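Reminder that position 64 of the sequence shown reads as 64 in the UniProt record's numbering, one-by-one numbering, no gaps.
The C-beta atom is built at its ideal place from N, Cα and C for all residues, glycine as well.
Only a predicted model underlies this, so the values are computations on that prediction, with no experimental measurement involved.
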Amino acid sequence: MHRYSFILTRPLQFLPVVFGVSLITFILVRLIPGDPARVLLGARATPTAIANIRAQYGLDEPLWLQYFYFLRNLLHGEMGTSIVYKIDVLRLIATRIEPTLALVVASVVLSILIAVPLAALAARHQGRPIDHVIRIVSTFGIGFPPFWLGLMLIILLAVTVPIFPVSGYGDTLFQKLAHLFLPALTIALSLSTVLLRSLRAAMVDWLKSDVATAARARGVPESVVFWRHVLPNSIAPSINLLAVNIGWLIGGTVVIESIFALPGMGQLLVRAIFSRDYMVVQGVAMVFACATVMVNFLADIATVAADPRVKL
């Protein structure tokens, strides 16, 4: 069977995952204390006004029927209407996708730019002081929570030395890149530590492999052995690790966007939770879930492409 045949069957396996996410999200959202109608109308709202709002948004229906309507709308490409913003949830999410997508892409790029050179440096100098320093720094980096790193970067690079903006997103391309750098660096410093350790371990193994030994025996320079044989073979095992952590990164944007006041989906999710905007919470959660599933699917394809020995 062709090694890419999983592309035809894998999407079918994602359907139960998406269904499970929709069910769990629906249940958890309903467990949030508070009434969306009362939050929307205020503490002095009359029972009649609250009942009208609940009827308008179907909140007075049984939970199983509300979930049925949610699934029906989802199959038709709809996610309902926001209780707070009074617009279609998909339209609302579409206005917030760009900052979140830009943040994720920038974070991944910065993570790779940090992890690959440091992993290569540590692997090529295994057992030497530079290797120990990189390993110790990466170990400590895993323990630093992203919100703390974000606050420290704001104090250092936006307040003490005002190089980058403290918060916001900007209007022009240059302004957007400037506003994205600190939040992307915050995520990259956390993500690169995990990626660095995995890459270094794989590179050390491949430096001792028969492939590298045979290349050295043919008189191939050590630098060529590393960049032509060791690095390409070391990347494949790290692709899935990166994909898993991108899934974590997508969820982590909720915290980072709140710290840096980025008008993305993470900030929208936080505000929707506090305002009990059920439809928005469900919509953002579904988009995050589908994005995570898609990233893992693309990672599987990249893994098979990078290593012909892998079969999924």
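Using a Cβ-Cβ cut-off of 7 Å (strictly less than) and excluding sequence neighbours within five positions of residue i, which residues of its own chain qualify?
i, result
"Gln126", "Val204"
"Val39", "Ser275, Arg276"
"Val230", "Met203, Trp206, Leu207, Ala212"
"Val280", "Ser82, Val89, Leu92, Leu268, Ala272"
"Val270", "Val254, Ser258"
If you run the structure through DSSP and keep just helix, strand and coil, what is residue i?
i, result
"Thr303", "helix"
"Thr46", "coil"
"Thr81", "strand"
"Met1", "Caution is warranted here: a pLDDT of 49 is assigned to Met1, below 50, making its placement in the model unreliable, and the coordinate value is therefore given only provisionally. The answer is coil: DSSP assigns Met1 none of H, G, I, E or B."
"Asp88", "strand"
"Pro129", "helix"
"Val220", "coil"
"Val166", "coil"
"Val17", "helix"
"Ser275", "coil"
"Gly251", "helix"
"Gly34", "coil"
"Leu149", "helix"
When the distance is taken between beta carbons, is residue j closer than 9 Å to residue i?
i, j, result
"Phe260", "Gly143", "no"
"Asp277", "Val18", "no"
"Asn240", "Ala299", "yes"
"Ile27", "Ala37", "no"
"Phe164", "Leu157", "yes"
"Ala115", "Leu199", "yes"
"Gly251", "Phe297", "no"
"Ile136", "Leu118", "no"
"Val21", "Met294", "no"
"Leu195", "Leu110", "no"
Among residues of its own chain, excluding the 5 on either side of residue i, which ones have a beta-carbon nearer than 6 Å to its beta-carbon?
i, result
"Leu15", "none"
"Ser167", "Phe260, Ala261"
Would you mind reading off the limits of the alpha helix (DSSP H) that contains residue i?
i, result
"Ala217", "210-217"
"Ala120", "97-124"
"Arg228", "Unbroken run through Arg228: none, as it is neither H nor E."
"Ala201", "173-207"
"Tyr69", "63-75"
"Phe144", "First-last for Phe144: undefined, no H or E at that position."
So, under 8 Å CB-CB, residue i and residue j are touching, yes? Tell me the CB distance rounded to an integer number of Å.
i, j, result
"Arg91", "Gly264", "Not a contact, Cβ separation roughly 16 Å."
"Leu191", "Ser107", "6 Å"
"Met79", "Gln282", "7 Å"
"Tyr69", "Gly58", "6 Å"
Excluding the 5 residues flanking residue i on each side, which residues of the same chain have their C-beta closer than 8 Å to its C-beta?
i, result
"Phe181", "Ala106, Phe164"
"Gly141", "Leu189, Ser190, Ser192, Thr193"
"Ala102", "Lys176, Leu180"
"Met1", "Unreliable placement is indicated for Met1, whose pLDDT of 49 sits below 50; no coordinate value is reported for it."
"Ala178", "Phe164, Pro165, Gly170"
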